[in-house]
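**Student:**
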Amino acid sequence: MALSYSSAVVAPTSSTRKRGLENANGSIDRTTGGLLQTRLLIADCKEAQVQLELHHSSAKRHHDFGEEVGPHGVLTIPGLENSGPRHWQSAWDRLPHFTRVDFEAWSEPKLHDWVPKLDRAVRESPRNVVLVAHSLGCLALSWWAALSWSEAFREKVCGALLVAPPDVDAAETDARIRDFRPIPRVRLPFPSIVVGSRNDPYCSFSRAQDIATAWGSEFVDAGFAGHINAESPVGVWAEGLPLLARLTGHNPNLLVAELGLRTAFA
Numbered sequence: 021m022a023l024s025y026s027s028a029v030v031a032p033t034s035s036t037r038k039r040g041l042e043n044a045n046g047s048i049d050r051t052t053g054g055l056l057q058t059r060l061l062i063a064d065c066k067e068a069q070v071q072l073e074l075h076h077s078s079a080k081r082h083h084d085f086g087e088e089v090g091p092h093g094v095l096t097i098p099g100l101e102n103s104g105p106r107h108w109q110s111a112w113d114r115l116p117h118f119t120r121v122d123f124e125a126w127s128e129p130k131l132h133d134w135v136p137k138l139d140r141a142v143r144e145s146p147r148n149v150v151l152v153a154h155s156l157g158c159l160a161l162s163w164w165a166a167l168s169w170s171e172a173f174r175e176k177v178c179g180a181l182l183v184a185p186p187d188v189d190a191a192e193t194d195a196r197i198r199d200f201r202p203i204p205r206v207r208l209p210f211p212s213i214v215v216g217s218r219n220d221p222y223c224s225f226s227r228a229q230d231i232a233t234a235w236g237s238e239f240v241d242a243g244f245a246g247h248i249n250a251e252s253p254v255g256v257w258a259e260g261l262p263l264l265a266r267l268t269g270h271n272p273n274l275l276v277a278e279l280g281l282r283t284a285f286a
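All residue numbers for the sequence shown refer to the working numbering, where the first residue is 21 and numbers rise by one.
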């Protein structure tokens with residue numbers, strides 16, 4: 021069954037009051053069917069990209085941060101061409117105990133190169149990990165699970181969040197990622213969540229649901245969010261943090277606070 025995002029409460033700011041968007045009871049008017057909330061979240065996310073730089077140095081000084089928000093580390097797994105500075109993965113990487121898997125050959129991805137690098141990153145992580153993959157990174161993760169999984173990873177890998185997997189089997193697929201064909205239709209051996217968008221140019225919504233079923237993953241409907249990347253109106257993608265928290269045991273409100281957002285999750 022497809023689920024939608026968890027609800028978020030956006031705290032009123034001076035700018036929302038000036039625009040007359042706050043109701044008499046102090047809450048935000050939601051009569052626009054969530055559009056207003058989305059716009060406010062986007063505005064907060066854009067502001068957070070600046071605030072991240074300010075919070076980064078102080079966050080690294082919080083030695084107990086990891087233990088406070090959750091026990092696991094996170095490995096972020098980007099896709100083709102890596103995730104640039106405006107991508108939500110780059111924002112999340114600023115959090116303590118978040119580490120990016122470096123595939124090096126970002127423009128010419130090869131399955132036989134990416135899978136061993138991911139395997140090494142998992143093995144060398146000092147913490148048990150949750151894997152957070154985007155786009156082609158989802159295929160690298162699924163192939164790694166199909167080819168390299170062993171019982172030695174049973175306690176090490178606690179789950180995976182797979183965001184916007186591309187349909188590499190489609191006829192119009194970018195030639196650079198065809199090495200990852202076919203999509204593995206093997207159930208992932210750990211808890212997993214696949215997030216799909218209704219207007220992803222690289223994968224139809226129904227195909228994303230089919231991929232989630234093949235991997236034995238819960239499917240989450242991201243709405244109309246494009247490829248859920250830097251070109252999408254998601255900013256630091258605060259709505260993904262509660263999904264991550266379900267896998268890691270993190271407190272999502274501590275995560276959004278560390279990112280400088282004014283968003284709170286119930």
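We put the CB at the ideal spot given by N, CA and C, even for glycine.
Applying the 10 Å Cβ sphere with the 16-neighbour rule, what's the burial state of Ser127?
**Tutor:** exposed
**Student:** Please report the distance separating the alpha-carbon of Ala265 from that of Glu175.
**Tutor:** 18 Å
**Student:** Whose C-alpha, out of Val188, Pro136, Asp194 and Ser212, is nearest the C-alpha of Pro202?
**Tutor:** Val188
**Student:** If you drop the 5 nearest sequence neighbours on each side, which residues of the same chain put their C-beta closer than 6 Å to that of Trp257?
**Tutor:** Closer than 6 Å at Cβ, skipping near neighbours: Trp108.
**Student:** Assuming Arg147 and Gly104 are in contact, meaning their beta carbons sit under 8 Å apart, how far apart are those beta carbons, in whole angstroms?
**Tutor:** Not really, about 26 Å apart at Cβ, beyond 8 Å.
**Student:** Name the two residues that bound the continuous alpha helix (DSSP H) containing Ala160.
**Tutor:** Leu156 to Ser168
**Student:** Please report the residue range of the beta strand (DSSP E) in which Arg143 lies.
**Tutor:** First-last for Arg143: Leu131 to Glu144, but that is the alpha helix (DSSP H), not the beta strand (DSSP E).
**Student:** Just to confirm before moving on: does the CB-CB distance between Leu151 and Leu115 stay below 8 Å?
**Tutor:** no
**Student:** State the DSSP-derived secondary structure class of Cys276, mapped to helix, strand or coil.
**Tutor:** It is Val, not Cys, that sits at residue 276 in the sequence shown. It is helical.
**Student:** Could you name the residues of the same chain whose beta carbon sits closer than 6 Å to that of Ala190, not counting the 5 residues immediately before and after it, in chain order?
**Tutor:** Within the same chain, Ala190 has no close Cβ partners at all.
**Student:** Does the Cβ of Val29 have 16 or more other Cβ atoms within 10 Å, making it buried, or fewer, making it exposed?
**Tutor:** In this prediction, Val29 has a pLDDT of 38, which is less than 50 and means its spatial position is unreliable; what the coordinates show is noted afterwards. Looking at its Cβ environment, which holds fewer than 16 other Cβ atoms inside 10 Å, Val29 is exposed.
**Student:** Out of Trp235, Glu238 and Asp220, point me to the one whose CA is closest to Ala245's CA.
**Tutor:** It is Asp220 whose Cα lies nearest to the Cα of Ala245.
**Student:** Run the CB neighbour count on Pro185, radius 10 Å, all protein chains shown included, and call it buried at 16 or more, exposed below.
**Tutor:** buried
**Student:** Pull up the DSSP beta-bridge partners for Ile97, would you.
**Tutor:** Ala153
**Student:** Is Leu55 helix, strand or coil when you go by DSSP?
**Tutor:** Because the pLDDT at Leu55 is just 38, under 50, the model does not fix this residue reliably, and the point stays unresolved.
**Student:** On a Cα-Cα basis, can you pick out the residue from His247, Ala250, Glu238 and Gly243 that is closest to Leu263?
**Tutor:** Glu238
**Student:** Just mark Pro272 as buried or exposed, buried being the case when its beta carbon has 16 or more other beta carbons within 10 Å.
**Tutor:** buried
**Student:** Between Trp235 and the rest of its own chain, which residues show a CB-CB distance below 7 Å, the 5 nearest in sequence each way excluded?
**Tutor:** Ser162, Arg207, Leu208, Ser212 and Val214
**Student:** What is the rounded straight-line gap between the Cα of Ala160 and the Cα of Val135?
**Tutor:** 6 Å
**Student:** Grouping DSSP H, G and I as helix and E and B as strand, with all else coil, what is Gly255?
**Tutor:** coil
**Student:** Around the C-beta of Gly260, are 16 or more other C-beta atoms found within 10 angstroms, so that it is buried, or is it exposed?
**Tutor:** buried
**Student:** Check Thr180 in the structure and name its three-state DSSP category.
**Tutor:** Just to set this straight, residue 180 is Ala in the shown sequence, not Thr. Here Ala180 sits in strand by DSSP.
**Student:** As a quick exercise: from Asp194, Ile197, Ser168 and Ala180, pick the residue whose alpha carbon is nearest that of Thr268.
**Tutor:** Ala180
**Student:** What are the start and end residues of the alpha helix (DSSP H) that includes Arg266?
**Tutor:** Unbroken alpha helix (DSSP H) run through Arg266: Leu261 to Thr268.
**Student:** Where Cys223 and Arg106 are concerned, what is the direct C-alpha to C-alpha distance, given to the nearest angstrom?
**Tutor:** 22 Å
**Student:** Identify, in the order they occur along the chain, each residue of the same chain with its Cβ nearer than 6 Å to the Cβ of Arg120, setting aside the five sequence neighbours on each side.
**Tutor:** Thr96 and Asp113
**Student:** DSSP three-state call for Thr233: helix, strand or coil?
**Tutor:** helix
**Student:** On the CB-based measure, 16 or more other CB atoms within 10 Å of its CB, does Pro129 come out buried or exposed?
**Tutor:** With 16 or more other Cβ atoms within 10 Å, it is buried.
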